[in-house]
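Trainee: Before I ask anything, here is the structure I am working with.
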Amino acid sequence: MEKREDLKSILPFLPFSLRSSSLFWPAPVVEALTDLSKGPHHSKIDSGEVLFIAISDIRNSLSLHDFSIDTSASQGFALFFDDLLPRDEAAKGFEEVVPQLANLLLRLPSLLETHYENADDGVLKGVKTGLRLLESQEPGTVFLSQELIGALLACALFCLFPTSHRGAKHLPMINFDHLFACLHDHYEEAFKNKLKCIVHYFGRICSSIPVGFVSFERKVLSLEYSPSCIPYPKEKLWSQSNISLCHFEISVSGLIEDQSREAIEVDFANMYLGGGALVRGCVQEEIRFMINPELIAGMLFLPCMADNEAIEIVGTERFSSYTGYASSFRFNGDYVDKKDIDVLGRRKTRIVAIDALCCPGKSQYQLEGLLREINKAFCGFMDQCKCHQYQQLFKDDQTVNAIGGRSIVNLLSLGHTSTSSQATVGTSGNQLARNHEGHKYQPLDNIQLEIGVVTGNWGCGAFGGDPQLKAMLQWIAASQAMRPFILYYTFGLEALQMLEQVIQWIVSHKWTAGELWNVLVEYSSQRLREETRVGFFNWPLPSLSSHDDTLNDSYDDRTCSCC
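Here you go:
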């Protein structure tokens, strides 16, 4: 164990000692967890206030400094478990859940040792999958059992991870102390309901330990040429791309996490995975981390993303139902996840975290901004199984004659012809996605064939991005990544009311990914020079303006609330 480079990289961020090839808790910690595992009649731990005192004692045994935990965490524990949680739920938690979490923590060192025994060629032949620090610019995969994730998250609940070196490695927070502290310092109903999702998760896994697996992958577009890597695309590649635009479906209602397709589901992420999940955040990314808490495990070992990186997480289980959004977010009971299982034991839930530019203003119309966003989306959407195909595309596109495509003048002068091509939007997506019912386990090569992209208003809202621009960039990126379809949730956004007509118009004129990119670049340059203030949808399609005045000046690049 001492010679394992993967363990060496993560050990400073774990609360264990390594000696004689074994991981272990200090003796006082074992004694405290053993008492806790025997239940409240023995441990006398039957309230949030007393639980936090026990946690503080364990932290002291680990030499974790008081300044490394939020000073309001103790009041938050007491408030949640003693005042806000119904008495019967709190009593069950202390009698059943807390003792089992203590048992899980006692087994955590042995679970990690078993994990490392299986990490070399035990999961994916020739691929290192051991728990380690997946640093920036280092593509790789960590493969964890749901049981091990449960133990790691119990460690986070008890605030036992050392935090002193996390900032230097650009790691997000991992302990739950700030989440409880927010409840006390800035009380909102949404914060209480975030914690209810977490507590519900622990109750579920203590009643029945899940037996599946979850993979966490850092995806990187190489900034330097390498025959084995997918390069970071330059503007020329996008401009000259002859790839056909993929099938585009629109849903004006519903939620990304409720869709049942074989698809990548986009997490509108912060550059730090999880964003404000463990503090006050309660929008798209944070909500997903509450209803699929196993996502939080990635925050332990995944430093922040650079512009050429994305994070893909496959296999997390959903445990909670919910209603609302932001301040109206509410836990709404148990959720039974019925997603199929792949050959590696992972649920067929694929979540990709991509962070958009925050408060980009006019810079999102600059070529650098457009390239950054489309390459970020492409990095998230690309399928590593198609690496050789991408490399061939990049090679071919470098030899394409720049005048081979249609000029922007020609593209925009085609006229507004019939938009009756309903096959590009709406219900025909069922023809793209195979019905896997009755086939619980399938070869990886097969399950990758029809995996599309499910997304929405990425980088808009609080991040202040132009929704019309972002929708088109994601379409191009999904097409270049050779995804068979994109399912786009507009969430009823007014600026996207004419999205279906625009998609039909573009498809009816058989634009390629490169042609759509070139039109976007020209529009953006005019936007920068203030030669136009209209939204992109109205700029190439002036005949649509009479249908909906909201297309004019539909986005104000001065508006942003994320910073």
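Under the working numbering, residues 882 to 1444 are what the sequence shown spells out, in order.
Just so it is clear, CB atoms sit at the ideal spot from N, CA and C, and this is done for glycine as well.
Pick from D1066, Y997, M1054, V1023: whose alpha carbon is nearest that of A954?
Mentor: Closest option to A954, Cα to Cα, is D1066.
Trainee: Quick check on the burial criterion: 16 or more other C-beta atoms within 10 angstroms. Buried or exposed for F1449?
Mentor: No answer is possible for residue 1449: it lies beyond the span of the chain, which begins at 882 and ends at 1444.
Trainee: For the beta strand (DSSP E) containing F1149, list its first residue and its last residue.
Mentor: Element bounds for F1149: 1144-1150.
Trainee: For the ligand ADP, I want to know if R940 counts as a neighbour, meaning its beta carbon is within less than 7 Å of at least one of the ligand's heavy atoms.
Mentor: With respect to small molecules bound, the structure shown includes none, and the ligand ADP cannot be examined in it.
Trainee: Please work out which residues of its chain come closer than 7 Å, Cβ to Cβ, to K919, disregarding the five sequence neighbours upstream and downstream, and give them in chain order.
Mentor: Taken in chain order, the residues that qualify are P980.
Trainee: Which whole-angstrom value describes the C-beta separation of E1331 and K1229, a residue pair presumed to lie in contact below a C-beta threshold of 8 Å?
Mentor: About 12 Å separates the two Cβ atoms, so there is no contact after all.
Trainee: Is S953 helix, strand or coil when you go by DSSP?
Mentor: Looking at S953 - three-state DSSP - the assignment turns out to be coil, as it is neither helix nor strand.
Trainee: Buried or exposed: Q1265, going by 16 or more other Cβ atoms within 10 Å of its Cβ?
Mentor: Its Cβ having fewer than 16 others within 10 Å, Q1265 is exposed.
Trainee: Measure the C-alpha to C-alpha separation of P1324 and E883 and round it to an integer number of angstroms.
Mentor: Only weak support is given to the placement of P1324: the predicted model assigns it a pLDDT of 33, under 50, and the question is left unresolved by the model.
Trainee: Determine which residues share a DSSP beta bridge with G1333 and list them.
Mentor: Answer is A1144, bridged to G1333.
Trainee: For P1112, name the three-state secondary structure that DSSP assigns.
Mentor: P1112: strand per DSSP, three-state reduction.
Trainee: State yes or no: is the C-beta of L1012 within less than 8 Å of the C-beta of V1004?
Mentor: No, the pair does not count as a contact, with Cβ atoms beyond the cut-off.
Trainee: Would you report the Cα separation of A1037 and L892, rounded to the nearest angstrom?
Mentor: Taking the straight line joining both Cα atoms gives about 15 Å.
Trainee: Where are the alpha helix (DSSP H) runs, 4 residues long or more, that stay fully inside the stretch 973-1001, in chain order?
Mentor: Segments of the alpha helix (DSSP H) lying fully in the stretch 973-1001: 979-998.
Trainee: Using CA coordinates, which residue listed in N1399, E998, Q1382, A1362 is at the minimum distance from F1418?
Mentor: Out of N1399, E998, Q1382, A1362, Q1382 has the C-alpha closest to the C-alpha of F1418.
Trainee: Tell me the start and end of each unbroken beta strand (DSSP E) in the stretch 1171-1202 that is at least 3 residues and wholly inside, in chain order.
Mentor: Those beta strand (DSSP E) runs which fall completely within the stretch 1171-1202 and span 3+ residues are 1190-1195.
Trainee: For a test of the three-state rule: what should DSSP assign to N1338, helix, strand or coil?
Mentor: The answer is coil: DSSP assigns N1338 none of H, G, I, E or B.
Trainee: Starting from F1129, follow its DSSP beta bridges and name the residues at the other end.
Mentor: BP columns for F1129 point to I1367.
Trainee: Tell me the DSSP secondary structure of S1103 in three-state form.
Mentor: S1103 falls in the strand class under three-state DSSP.
Trainee: Measuring only the C-alpha atoms, how far is T1204 from Q1273?
Mentor: Whole-angstrom Cα-Cα distance: 45 Å.
Trainee: Using a threshold of 8 Å, state whether the C-beta atoms of S1103 and Y1113 are closer than that.
Mentor: Their beta carbons are under 8 Å apart, which means S1103 touches Y1113 by this criterion.
Trainee: Starting from L1251, follow the beta strand (DSSP E) in both directions and report where the run begins and ends.
Mentor: Where L1251 is concerned, there is no enclosing beta strand (DSSP E), although the alpha helix (DSSP H) it sits in stretches over 1248-1262.
Trainee: CB L1422 to CB W1386, shorter than 8 Å?
Mentor: Cβ distance < 8 Å, so L1422 and W1386 count as in contact.
Trainee: So, at 7 Å on beta carbons, what are the nonlocal neighbours of A1283 in its own chain, with the 5 sequence-adjacent residues on each side left out?
Mentor: At A1283, the pLDDT of 42 sits below 50, so the modelled position is not reliable and the matter cannot be decided from this model.
Trainee: What is the rounded straight-line gap between the Cα of G1310 and the Cα of D1148?
Mentor: Below a pLDDT of 50, predicted positions are generally treated as unreliable, and G1310, at 33, falls in that range; no measurement from the model is reported.
Trainee: CA-CA distance, Y1206 and E1175?
Mentor: Roughly 20 Å separates the two Cα atoms.
Trainee: Where does I1030 land, buried or exposed, given buried means 16+ other C-beta within 10 angstroms?
Mentor: Buried, since its Cβ has 16 or more Cβ neighbours within 10 Å.
Trainee: With DSSP run on the structure shown, which of helix, strand or coil describes N1213?
Mentor: Looking at N1213 - three-state DSSP - the assignment turns out to be strand.
Trainee: Considering V1023, what are the terminal residues of the beta strand (DSSP E) in which it resides?
Mentor: Taken as a continuous stretch (DSSP letters only), the beta strand (DSSP E) holding V1023 covers 1021-1026.
Trainee: For the stretch 1331-1347 and the stretch 1226-1245, state whether three or more C-beta atom pairs, one from each stretch, are separated by less than 8 Å.
Mentor: Yes, the stretch 1331-1347 touches the stretch 1226-1245.
Trainee: Give the range of the alpha helix (DSSP H) segment to which A1358 is assigned.
Mentor: Start and end: 1348-1361.
Trainee: What's the gap between the Cα of T1393 and the Cα of R885?
Mentor: Each residue's Cα considered, the two are about 48 Å apart.
Trainee: Just the C-alpha distance for Y1416 and M1152, rounded to the nearest angstrom, thanks.
Mentor: In the sequence as displayed, the identity of residue 1416 is Gly instead of Tyr. Cα to Cα, the separation comes out at about 27 Å.
Trainee: Going by CA-CA distance only, name the one from S1088, P1184, N999 that's closest to G1155.
Mentor: Measuring from the Cα of G1155, the nearest candidate turns out to be P1184.
Trainee: When burial is assigned at 16 or more other CB atoms within 10 Å of the CB, is P1241 buried or exposed?
Mentor: Per the 10 Å Cβ criterion, buried.
Trainee: Is the distance from the Cβ of A1358 to the Cβ of F1212 below 8 Å?
Mentor: Their beta carbons are not under 8 Å apart, which means A1358 does not touch F1212 by this criterion.
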